[in-house]
Structure formats: structure tokens, C-alpha cells
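Visitor:
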Amino acid sequence: MDNMNKLFELNSKGIKVYNPDCLDKMKKSSAIVLNTLKEVESKIKAGLTTKEVDKICEDYIKSCGARPTCKGYQGYPAASCISVNEVVCHGVPSDRIIKDGDIVNVDVVAEIDGWHSDSSRTFMIGSVSDKRKKLVEVSKKAMEIGIQSVEIGKDLKEIGIAIEKYVLSQGSFKIVKEFCGHGIGMSMHEKPFIYHFDPKHKLGKIVPGMFFTVEPIIVNGEEDFKELKDGWTTVTKDGSDAAQFEHTIYVGYDGKVHILTDG
Ligand code: MF3
Ligand code: CO
Numbered sequence: 002m003d004n005m006n007k008l009f010e011l012n013s014k015g016i017k018v019y020n021p022d023c024l025d026k027m028k029k030s031s032a033i034v035l036n037t038l039k040e041v042e043s044k045i046k047a048g049l050t051t052k053e054v055d056k057i058c059e060d061y062i063k064s065c066g067a068r069p070t071c072k073g074y075q076g077y078p079a080a081s082c083i084s085v086n087e088v089v090c091h092g093v094p095s096d097r098i099i100k101d102g103d104i105v106n107v108d109v110v111a112e113i114d115g116w117h118s119d120s121s122r123t124f125m126i127g128s129v130s131d132k133r134k135k136l137v138e139v140s141k142k143a144m145e146i147g148i149q150s151v152e153i154g155k156d157l158k159e160i161g162i163a164i165e166k167y168v169l170s171q172g173s174f175k176i177v178k179e180f181c182g183h184g185i186g187m188s189m190h191e192k193p194f195i196y197h198f199d200p201k202h203k204l205g206k207i208v209p210g211m212f213f214t215v216e217p218i219i220v221n222g223e224e225d226f227k228e229l230k231d232g233w234t235t236v237t238k239d240g241s242d243a244a245q246f247e248h249t250i251y252v253g254y255d256g257k258v259h260i261l262t263d264g
């Protein structure tokens, strides 16, 4: 960055390249998101409804003086997205009771002082089948491999190439291609799209000052999905299970990749 007085500059692809001072601002919202997921981890169990888990998220985020970004976003009704088993993503919290053996993704975005961070994990409830365990393991590894592939100077498409290569090597798993990672910072969704498969074209060079998410959704059946009547919740058409992990990452001026929502 040439001009350190501005919070960001737009590069030739319209991607925000943030100045070095922005990292500390993002660290605050990232810590809140991480701690929200830790709070969920300590409390989630069979017998709770997904609405009750959402309340844990909302209460915790608010107790930090932050705001759950999702609530009210394009009319979204809750603080978190909670996606159980066959729910691919954007599960609207409801009276659905979490059962022993379920896999439950909790996706949280928090904003403080105008800066947003986004992370999700898939929790395994009680005794989970080997088939579901493997799905959760592959989806976590897929995210990690995507993050590990991030390197200054490489094209952003390399993330998707790395994820796709790994997932396809693991047997009959599929990537849900419709849902991408995204730039993040002063808004929840910014350029660029982060593809979780080979997009077959260049997306732009990775440079210091970028904040974005990596969040592949993996299924153990077919990737076709449909939206429920609530206008948000998406489920696999064949009823197979989906799992997802997500982190917000930062490409640092120190040359390193920082996983802001990890710890
Ligand atoms: N956390 C989701 C993402 O990764 C966004 C949720 S959509 C919302 O982009 F409507 F719930 F906000
Ligand atoms: Co996201």
C-alpha cells in the first residue's frame, strides 16, 4: 500500500487491500467469534433446540458489546446459522431438537466497531457414526488445506485447486460449489469470491492486506440442494449429510498468513 492514511485501496480486481492498522480492528471481532464458538462448544448437547443454541450465540456476542451481523441481514431472522445433518448451510434456528449422533454446524459472524469476522465449525453430538465422523474430518481438513495453500504472489484460484484435489482423493465426497468464501472486513461479504474448486480462470493475486474466508461445504452424497420455504435453509436433495468449517484469515505484511478466528 502506498497511502497509509486510507483504510484500504482497491486493487485492479476491485478487491480491498487494507492497511496494516486494520489487523488490530479485525482481531477484536475475530476473538469474539472464536469465543462464541468456544461457548457453544461447552454448551451444545442433545436435547437443545437449534433456537436455544442461537440464543447462546446471540447472548455471548452481545455480552462482548458486539453485534451479530447476520441478524437482519437481508431479512435473516437469527444471530447464527445452525445447520444439522442434511442442512447444507444457512440453517435458520428453529424448534428442531438436536439429537445424539447429529452433526451440527454453527456459523457466526460478529461486528464490533464496524469490523466483521466470520467462522463456523461442525460439532459432533454424542456418538456419531463413522460415516459422519469421516465427513466432518474431511471437511475440516479441506478448509485447512485451502488455508495452507494461501501464499503471497499466488493466484486466489490455487485455494480451490488445493481443496478440490484433496476432497476428491478422499473417496466419494463432493464439494457444494454454489457456496463460496468471500472477502470480509468493513462488511461481511466483500470481493473476492473464494472458490472451493478449480474455477479454471484467474481470480487475482494474493497480496498483503487481504482478509477473506475459506469455508468449503462437503457432502457425503450428491451436491444438489434445495431451499426450504423459510427462504434460507438449504438441504441436500438426496438427504445426505453436509459438513463445513470456516475461518477468517489475513494475509499479513509480515509475509505470513494469520488465521484470525483460530485458537
Ligand atoms: N456466515 C455466512 C457466510 O459465511 C453468512 C450467513 S448468511 C446470513 O457467508 F444471512 F445469515 F447472514
Ligand atoms: Co462466510
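Note that the numbering used here has the sequence shown beginning at 2, numbered continuously upward.
Don't be surprised by glycine CBs; every beta carbon is placed ideally from N, CA and C.
Only a predicted model underlies this, so the values are computations on that prediction, with no experimental measurement involved.
1) Any residue with its Cβ nearer than 7 Å to a heavy atom of ligand 1 should be included. What is that list in chain order?
2) Measure from the alpha carbon of Ile113 to the alpha carbon of each residue in Ile146, Cys23, Glu145 and Phe246, then state which is nearest.
3) Below 8 Å between beta carbons: does that hold for Gly222 and Thr237?
4) State buried or exposed for Asp1, treating a residue as buried only when at least 16 other CB atoms are found within 10 Å of its CB.
5) For Pro193 and Asp156, what's the separation of their Cα atoms in angstroms?
6) Using only alpha-carbon positions, find the residue among Val151, Ile99, Thr50 and Leu11 that is nearest to Ile207.
7) Which two residues bound the contiguous alpha helix (DSSP H) that contains Gly222?
8) Which whole runs of the alpha helix (DSSP H) in the stretch 27-79 are 4 residues long or more, in chain order?
9) Per DSSP, which residues does Tyr19 bridge with? Please list them.
10) Rounded to whole angstroms, how far is the Cβ of Ile45 from the Cβ of Val105, which I believe are closer than 8 Å?
11) Can you tell which of Tyr251, Tyr77 and Ala163 has its C-alpha closest to the C-alpha of Asp25?
12) DSSP three-state label for Gln245, please.
13) In angstroms, rounded to a whole number, what distance separates the CA positions of Glu165 and Ile146?
14) Which residues does DSSP list as the beta-bridge partners of Val88?
15) Start and end of the beta strand (DSSP E) containing Val151?
16) Do you know offhand how far Glu224's Cα is from Gln149's?
Guide: Reading it off the structure:
1) Thr70, Cys71, Tyr74, Gln75, Tyr77, Cys82, His91, Asp108, Val110, Asp119, Ser121, His183, Met189, His190, Thr214, Glu216, Trp233 and Glu247
2) Sequence index remark: in the sequence shown, residue 113 carries index 112 (1-based). Here the closest residue by C-alpha is Cys23.
3) Position 221 of the sequence shown, counted from the first residue, corresponds to residue 222. Position 236 of the sequence shown, counted from the first residue, corresponds to residue 237. Yes, they are a contact pair.
4) Past the edges of the chain, shown from 2 to 264, lies residue 1, and the structure says nothing about it.
5) Numbered from 1 along the sequence shown, position 192 holds the residue referred to as residue 193. Numbered from 1 along the sequence shown, position 155 holds the residue referred to as residue 156. Straight-line Cα distance between these residues: approximately 12 Å.
6) Here residue 207 is taken as the residue at index 206 of the sequence shown, counted from 1. Closest by alpha carbon: Val151.
7) Translated into positions along the sequence shown, residue 222 becomes position 221. Element bounds for Gly222: n/a, residue is neither H nor E.
8) 51-64
9) For the purposes of this step, residue 19 is taken as the residue at position 18 of the sequence shown. Tyr19 is bridged to Phe9.
10) Here residue 45 is taken as the residue at index 44 of the sequence shown, counted from 1. Here residue 105 is taken as the residue at index 104 of the sequence shown, counted from 1. The Cβ separation is near 7 Å, so the contact holds.
11) Position 24 of the sequence shown, counted from the first residue, corresponds to residue 25. Per the Cα distances, Tyr251.
12) The count along the sequence shown starts at 1 and reaches residue 245 at position 244. Reduced to three states, the DSSP call for Gln245 is strand.
13) Counted from its first residue, the sequence shown places residue 165 at position 164. Counted from its first residue, the sequence shown places residue 146 at position 145. Cα to Cα, Glu165 sits roughly 10 Å from Ile146.
14) As a first step, residue 88 must be located in the sequence shown, where it is residue number 87. BP columns for Val88 point to Val236.
15) Position 150 of the sequence shown holds residue 151. Here Val151 belongs to no beta strand (DSSP E), and DSSP marks it neither H nor E.
16) Here residue 224 is taken as the residue at index 223 of the sequence shown, counted from 1. Here residue 149 is taken as the residue at index 148 of the sequence shown, counted from 1. Looking at the two C-alpha atoms, the distance is approximately 25 Å.
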